[in-house]
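Visitor: Before I ask anything, let me first share the structure, which is written out below as structure tokens.
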DNA sequence: GTCATTTTGTGACCAAGATCACAGAGACAT
DNA sequence: ATGTCTCTGTGATCTTGGTCACAAAATGAC
């Protein structure tokens with residue numbers, strides 16, 4: 026078996042599928058890679074398949090007329106992107122851009138349905154993923170209307186921790202991913218300057234710290250409290 | 026066949042399933058009804074199934090600690106509610122309350138999966154619904170960060186028009202659903218007073234009007250322009 | 001009808017956060 | 001090391017929209 030297929034299988038397993046289905050799907054997928062900063066697709070493009078992230082990370086965002094962007098998610102290996110258009114047959118709903126060099130696996134619409142029809146577990150799994158996404162999206166929306174900026178920043182940090190966090194010590198979480206304030210601001214929906222202020226208050230209070238460029242959540246419970254609806 | 030099952034079948038057909046599957050599912054569903062203003066379930070409750078709306082309407086909302094609520098959607102007959110918890114096996118993600126007396130059909134988790142495993146078309150259909158929901162949720166989030174209040178109100182009106190609108194004349198849309206400013210404000214994410222101001226500006230400009238309690242979108246294109254990201 | 005309750009309209013004020021304007025720090029290429 | 005970027009911190013405004021406070025309408029109950 027090729028290296029690619031092994032990785033792909035791992036990726037699907039990670040995402041919660043059985044060994045067997047991960048293998049089956051990996052047979053149907055097209056390997057491809059993407060340079061950092063390049064765009065996988067833009068909102069409005071036609072969409073005829075989805076991608077599994079084998080390695081690397083990318084961002085899902087919506088860009089407004091004046092060029093400001095709202096990040097919907099930052100995804101790492103083991104995640105799926107581009108499912109929405111695959112599933113409802115409409116155009117791509119957001120823009121996806123590589124943040125780091127990526128190894129992807131493209132699964133065409135036809136291949137997906139062909140395989141899933143034979144293996145309903147794949148459908149169940151996909152539905153589960155969609156449910157999680159919807160849950161998160163609704164949470165973000167609720168946060169936008171209930172939480173002040175610091176709460177939204179807390180939420181964003183916790184979300185990043187979910188995807189990129191490594192537990193260290195007693196419930197301290199190291200976010201193993203280089204991220205700028207500007208990006209956090211785009212996710213939290215606030216101005217970069219104000220995010221900076223919020224972050225500094227927490228840094229002074231020892232709630233978070235920066236270790237060689239990575240954020241470390243020293244007291245996640247404080248953040249969780251701030252993000253409470 | 027009972028009246029209930031007929032209605033249910035219609036409901037599922039409306040939602041895009043074939044006659045045959047609508048019939049199959051209707052066999053598995055439990056009829057139930059709900060008085061106006063009563064709560065179907067609350068965020069945090071355990072969830073073991075979903076509901077199809079045969080008749081009536083209800084709202085999906087998230088309530089904050091201090092009691093203010095954010096409406097995620099207002100759903101009418103032919104829609105499905107409560108799928109998220111059904112699909113990811115977690116607790117209910119939002120609170121659902123009847124706005125008008127409702128006829129519902131409860132589909133248990135077990136019944137759903139039993140039937141869907143035999144009929145993959147049901148899975149495909151469900152995925153399509155989820156994709157649409159996710160799309161809308163993401164749009165709302167983007168609107169929250171890009172659009173000023175009037176844009177969000179415009180978006181809300183157009184969304185209501187999608188669910189409850191009847192086309193009349195040349196592209197005028199009558200929203201056949203009684204809704205208060207307070208509810209519009211909760212959907213758009215703004216204070217009721219300011220929504221009132223926005224609405225009045227449009228009323229004066231002839232963009233919208235009220236016909237015996239119902240809003241009528243006289244110039245939907247103006248609203249669409251205002252809601253443009 | 002008449003009274004009560006819920007919606008709606010509008011002004012005056014206030015506050016959270018956006019925007020502007022820089023200065024200092026790091027990163028990294030040559 | 002030196003210069004060029006891109007990131008970060010912080011103060012000083014400015015603006016949107018939230019909050020408060022009512023009055024006027026509309027709706028419903030009896």
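Residue numbers (the working numbering), protein chains in the order written: chain A, 26 to 254; chain B, 26 to 254.
No residue lacks a Cβ here, since even glycine has one placed at the ideal position from N, Cα and C.
(1) Using 8 Å as the cut-off, can you tell me whether the region 132-143 of chain A makes contact with the region 60-68 of chain B, which would need three or more C-beta pairs spanning the two stretches below that distance?
(2) Can you check the region 81-108 of chain B for any beta strand (DSSP E) of at least 3 residues that lies completely inside it and give the ranges in chain order?
(3) Please report the distance separating the alpha-carbon of residue 64/B from that of residue 155/B.
(4) Please tell me whether residue 76/B has its Cβ less than 9 Å away from any Cβ of chain A.
(5) Note down, in chain order, every chain B residue with its Cβ under 9 Å from the Cβ of residue 214/A.
(6) Is there contact between the region 164-180 of chain A and the region 245-254 of chain A, where contact requires at least three CB pairs shorter than 8 Å?
(7) Could you spell out where the alpha helix (DSSP H) holding residue 177/B opens and where it closes?
(8) Under a Cβ-count criterion, where at least 16 other Cβ atoms within 10 Å of its own Cβ denotes burial, should residue 91/A be classed as buried or exposed?
(9) Where residue 4/A and residue 96/A are concerned, what is the direct C-alpha to C-alpha distance, given to the nearest angstrom?
(10) Find the residues of chain B that neighbour residue 87/A, judging by a C-beta separation of less than 9 Å, and give them in chain order.
(11) Would you mind working out which of 99/A, 102/A, 75/A sits nearest residue 135/A, comparing C-alpha positions?
(12) Using the C-alpha atoms, what's the distance from residue 230/B back to residue 83/A?
(13) Quick one: grab the DSSP three-state call for residue 72/B.
(14) Are the C-beta atoms of residue 125/B and some chain A residue less than 9 Å apart?
(15) Assuming residue 186/B and residue 177/B make a contact with CB atoms under 8 Å, what is their CB distance in whole Å?
(16) What is the rounded straight-line gap between the Cα of residue 54/A and the Cα of residue 149/A?
(17) Check distances from the C-beta atoms of the region 135-153 of chain A to those of chain B and list, in chain order, the residues that come in under 8 Å.
(18) Helix, strand or coil for residue 123/A per DSSP?
(19) Taking only beta-carbon atoms, is residue 70/A less than 9 Å away from chain B?
(20) Which whole-angstrom value describes the C-beta separation of residue 159/B and residue 109/A, a residue pair presumed to lie in contact below a C-beta threshold of 8 Å?
(21) Does any C-beta atom of chain A lie closer than 9 Å to the C-beta of residue 231/B?
(22) Using C-beta distances below 6 Å, list every residue in its chain close to residue 67/A, excluding the 5 sequence neighbours before and after it, in chain order.
(23) Can you find the residues in the same chain that come closer than 8 Å, C-beta to C-beta, to residue 198/A, ignoring five residues on each side of it along the sequence?
(24) Figure out for me which residue from 238/A, 235/A, 208/A has the closest Cα to the Cα of residue 122/A.
(25) Could you tell me if residue 77/A is buried or exposed, where buried requires 16 or more neighbouring beta carbons within 10 angstroms of its beta carbon?
(26) Quick one: which chain B residues come within Cβ less than 7 Å of residue 109/A?
(27) With distances taken from CA atoms, which of 81/A, 73/A, 237/A is nearest residue 125/A?
(28) Count the other C-beta atoms from every protein chain shown that fall within 10 angstroms of the C-beta of residue 113/A, then say buried if there are 16 or more, exposed otherwise.
(29) Within the continuous alpha helix (DSSP H) that includes residue 4/A, where are the two ends?
(30) Give the C-beta separation of residue 56/B and residue 116/B to the nearest angstrom, bearing in mind that I take them to be a contact with Cβ-Cβ under 8 Å.
(31) For the alpha helix (DSSP H) that contains residue 228/B, what are its first and last residues?
(32) Please report the Cβ distance between residue 232/A and residue 220/A, rounded to the nearest whole angstrom; I am assuming they are in contact, meaning their Cβ atoms lie under 8 Å.
(33) Looking only at its chain, what residues have a beta carbon closer than 7 Å to the beta carbon of residue 111/B, apart from the 5 residues adjacent to it on each side?
(34) So residue 188/A packs on residue 101/A, CB below 8 Å; how close in whole Å?
(35) By Cβ distance, which residues of its chain are closer than 8 Å to residue 107/A, with the 5 residues on each side in sequence left out?
(36) What are the residues that DSSP puts in a beta bridge with residue 192/B?
Guide: With the given structure in hand:
(1) no
(2) 83-88, 94-100
(3) Here the question's residue 64/B lines up with position 39 in the second chain. Here the question's residue 155/B lines up with position 130 in the second chain. So the two alpha carbons sit approximately 23 Å from each other.
(4) Taking the first residue of the second chain as position 1, residue 76/B is located at position 51. No, its Cβ sits nowhere closer than 9 Å to a Cβ of chain A.
(5) Looking up residue 214/A in the first chain gives position 189. By Cβ distance, chain B contributes 166, 169, 170.
(6) yes
(7) Taking the first residue of the second chain as position 1, residue 177/B is located at position 152. Per DSSP, residue 177/B belongs to the alpha helix (DSSP H) from 174-189.
(8) Within the first chain, the letter at position 66 stands for residue 91/A. Its Cβ having fewer than 16 others within 10 Å, residue 91/A is exposed.
(9) Residue coverage of chain A in this structure runs from 26 to 254, which leaves residue 4/A outside it and unanswerable.
(10) Here residue 87/A refers to the residue found at position 62 when the first chain is read from its first residue. Within 9 Å Cβ-Cβ: 163, 164, 166, 167, 170, 171, 254.
(11) Here the question's residue 135/A lines up with position 110 in the first chain. The shortest Cα separation from residue 135/A among 99/A, 102/A, 75/A belongs to 75/A.
(12) Counting from 1 along the first chain, the entry for residue 83/A is found at position 58. Counting from 1 along the second chain, the entry for residue 230/B is found at position 205. Approximately 44 Å, taken between the alpha carbons.
(13) Within the second chain, numbered from 1, the residue matching residue 72/B stands at position 47. Coil at residue 72/B, not helix or strand.
(14) The residue you call residue 125/B lines up with position 100 of the second chain. So no, residue 125/B is outside the interface.
(15) Indexing the second chain from 1 puts residue 186/B at position 161. Indexing the second chain from 1 puts residue 177/B at position 152. Their Cβ separation, rounded to whole angstroms, is 15 Å, which puts residue 186/B and residue 177/B out of contact at 8 Å.
(16) To locate residue 54/A, count along the first chain from 1; it is residue 29. To locate residue 149/A, count along the first chain from 1; it is residue 124. In a straight line, the C-alpha of residue 54/A is about 19 Å away from that of residue 149/A.
(17) 138, 141, 142, 145, 148, 149, 151, 152, 153
(18) Residue numbering aside, residue 123/A sits at position 98 when the first chain is read from its first letter. Residue state, collapsed to three classes: strand.
(19) As a position in the first chain, residue 70/A is number 45, starting the count at 1. It does not: the Cβ of residue 70/A has no partner Cβ on chain B nearer than 9 Å.
(20) Here residue 159/B refers to the residue found at position 134 when the second chain is read from its first residue. Here residue 109/A refers to the residue found at position 84 when the first chain is read from its first residue. About 6 Å; that satisfies the 8 Å criterion.
(21) For the purposes of this step, residue 231/B is taken as residue 206 along the second chain, with counting starting at 1. So, not an interface residue.
(22) Position 42 of the first chain holds residue 67/A. Correct list, in chain order: 120.
(23) Translated into positions along the first chain, residue 198/A becomes position 173. Here the set comprises 186, 190, 191, 192, 241, 242, 245.
(24) Numbered from its first residue, the first chain carries residue 122/A at position 97. Among 238/A, 235/A, 208/A, the Cα nearest to that of residue 122/A is on 208/A.
(25) For this step, residue 77/A is matched to residue 52 along the first chain. It counts as buried.
(26) Position 84 of the first chain, counting from 1, holds the residue named residue 109/A. Under the 7 Å cutoff, chain B gives 156, 159, 160.
(27) Position 100 of the first chain holds residue 125/A. Closest by alpha carbon: 81/A.
(28) Residue 113/A sits at position 88 when you count from the first residue of the first chain. Counting Cβ neighbours within 10 Å, residue 113/A comes out buried, since at least 16 surround it.
(29) The requested residue 4/A is not part of the displayed model; chain A covers only 26 to 254.
(30) Your numbering for residue 56/B matches position 31 in the second chain. Your numbering for residue 116/B matches position 91 in the second chain. That belief does not hold up - the Cβ atoms of residue 56/B and residue 116/B are roughly 25 Å apart, past 8 Å.
(31) Here residue 228/B corresponds to residue number 203 of the second chain, with the count starting at 1. From DSSP, the alpha helix (DSSP H) with residue 228/B extends over 217-229.
(32) To locate residue 232/A, count along the first chain from 1; it is residue 207. To locate residue 220/A, count along the first chain from 1; it is residue 195. Rounded, the Cβ-Cβ distance is 14 Å, inconsistent with contact.
(33) Looking up residue 111/B in the second chain gives position 86. Cβ within range, chain order: 72, 74, 75, 134, 137.
(34) Here residue 188/A refers to the residue found at position 163 of the first chain. Here residue 101/A refers to the residue found at position 76 of the first chain. The Cβ separation is near 5 Å, so the contact holds.
(35) Start at 1 with the first residue of the first chain, and residue 107/A comes out as number 82. Once the five neighbours on either side are set aside, the close Cβ partners of residue 107/A are 65, 66, 72, 74, 75, 76, 117, 121.
(36) Indexing the second chain from 1 puts residue 192/B at position 167. The partner list for residue 192/B (beta bridge, DSSP) reads 198/B.
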